[in-house]
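J.: Numbered per numbering that gives the first Met the number 0, the sequence shown spans residues 0 to 326. Right, I'll just put the structure down here and ask away after.
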Amino acid sequence: MLAAVSLALLLGRAEGAESDLEARLTTLPGLSQEEKPPKATAFSLGLRALEAKDYAGALAQFENAVSEARIDATPICWLTAQYQVCHTLNLLGKSAEAVVRAREMVTECEVSLGEEDPITSEALSHLAFLLKNNGRLTEAEPVYARNLASLVEKHGDDSFFSAGARTRLADLLMLLGRMEEAESHHRQALAAAQTCLGQEHTDVCFFMTHLAYCLHVVRKKTEAAELMDKAFAIVRNSDALKLSNATSLLRRQAEFFRDSKQMDKARLTGRLCLTRLAAGGESNRIRFFYYDRVKELYHSILAADGLKPQEIQNHLTEVETQARGDR
């Protein structure tokens, strides 16, 4: 099974959402390798408009890109353009409209492609992400659960796909305060990842980190510390920005080490997380939802470490400037 599973599925990339989408969507099992995300005029113009913060212009271009694609013939082009329509609506402050559009996208995938299609799974994951990050947690839960059930049925409970979906559901359950359920799902996700990837694989770090943070929250301190130390060792000895779901795992590690007053580790992981997000452009939906939170997190780490307000501001500016220059 592992041969069919490219780790690019969950690999976050700082080049922007369009390259990240290409990395993930073209490696889903059963998906044609021939089609690539849209690089045609309307989509490209939409990306340029986003970078210029011309959100109304970007929305018009992405709508054009949707109309130029066909879900039956060019589903990746269609889905990629739909993603950016939803993202741009969020940037325009129209989150409710973005969610409506994402629901319509899922329905169209189910009707045209079927519930088992990998494109439908991607659409479900996108809808759940929008709901969660717009604060609609109770609406997001059944979407996450449904996507997990579909992936388990298609790929098995111990697949990398199912493990990732289970972790996303567990994180939502933590936000809902259902910690016992969340811990159980996080443990299952880590076990599945270790089964399909092996105990020593670097991408096990993501699942290990999220379980450790959950245990930290429920005050199982000894086990949490042991797991997080193992996960941090992977970050320290790897190219952390290329790990699966780097933003998520680095943020959790930074929070854990800040709370545990391990400031050297907190500074390292916090800076890496901010660097990754700062390198992203306007087209990156993860940057839209998480940038301010991560910047505040890193600010709190620097403050706890004794830096003065102006020193913190200068340092944050330096990190952001360097990250954008390295794009």
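Virtual Cβ for every residue (Gly too), placed ideally from N, Cα, C. Computed from a predicted structure; not experimentally measured.
Between the Cα of Ala95 and the Cα atoms of Arg135, Ala80 and Cys272, which residue gives the shortest distance?
T.: Ala95 has its Cα closest to that of Arg135, out of Arg135, Ala80 and Cys272.
J.: Classify Ser243 as helix, strand or coil using the three-state DSSP reduction.
T.: If DSSP states are grouped into helix, strand and coil, Ser243 belongs with the strands.
J.: Might you give, ordered along the chain, the residues of its own chain that have their beta carbon closer than 6 Å to the beta carbon of Leu49, omitting 5 neighbours on each side?
T.: Ala57, Glu281 and Ser282, listed in sequence order.
J.: If we require 4 or more residues per run, which alpha helix (DSSP H) segments fall completely within the stretch 30-94?
T.: The stretch 30-94 contains these whole alpha helix (DSSP H) runs: 40-50, 54-67 and 74-90.
J.: Nearest CA to the CA of Thr316: which residue from Ala188, Gln81 and Arg270?
T.: Taking only the C-alpha atoms, the option nearest Thr316 is Arg270.
J.: Locate the alpha helix (DSSP H) running through Val216, then write down its first and last residues.
T.: Val216 -> alpha helix (DSSP H) spans Val203 to Val216.
J.: Does the beta-carbon distance from Leu226 to Ala211 come in below 8 Å?
T.: Yes, they are a contact pair.
J.: When you compare the stretch 231-244 with the stretch 284-295, are there three or more beta-carbon pairs, one atom per stretch, that lie closer than 8 Å?
T.: With a cut-off of 8 Å, the stretch 284-295 and the stretch 231-244 do not count as touching, because too few Cβ pairs lie within range.
J.: If you scan the stretch 124-185 from start to end, which runs of the alpha helix (DSSP H) of 4 or more residues do you find wholly inside it?
T.: Listed in chain order, they are 136-154 and 159-174.
J.: Just reading off the alpha helix (DSSP H) that Ser299 is part of, what are its end residues?
T.: Unbroken alpha helix (DSSP H) run through Ser299: Arg284 to Ala303.
J.: Whole angstroms are fine: how far does the CA of Gly155 sit from the CA of Arg257?
T.: Approximately 37 Å between the Cα atoms of the pair.
J.: Could you say which of Phe255, Val217 and Thr208 lies nearest to Ile233 if we only look at CA atoms?
T.: Closest by alpha carbon: Thr208.
J.: Counting only the same chain and skipping the five closest in sequence on each side, list residues whose C-beta sits under 7 Å from that of Gln68.
T.: Per the sequence shown, the amino acid found at residue 68 is Ala instead of Gln. Pro37, Cys76, Trp77 and Ala80, listed in sequence order.
J.: According to the neighbour-count rule (16 or more other Cβ atoms, all chains shown, within 10 Å of its Cβ), is Arg218 buried or exposed?
T.: Exposed, because fewer than 16 other Cβ atoms sit within 10 Å of the Cβ of Arg218.
J.: In chain order, what residues of the same chain lie with their CB nearer than 6 Å to the CB of His215, ignoring the 5 residues before and after it?
T.: Correct list, in chain order: Ala223 and Phe255.
J.: Buried or exposed, going by whether 16 or more other CB atoms sit within 10 Å of the CB of Thr106?
T.: Thr106 is exposed by the Cβ-count criterion.
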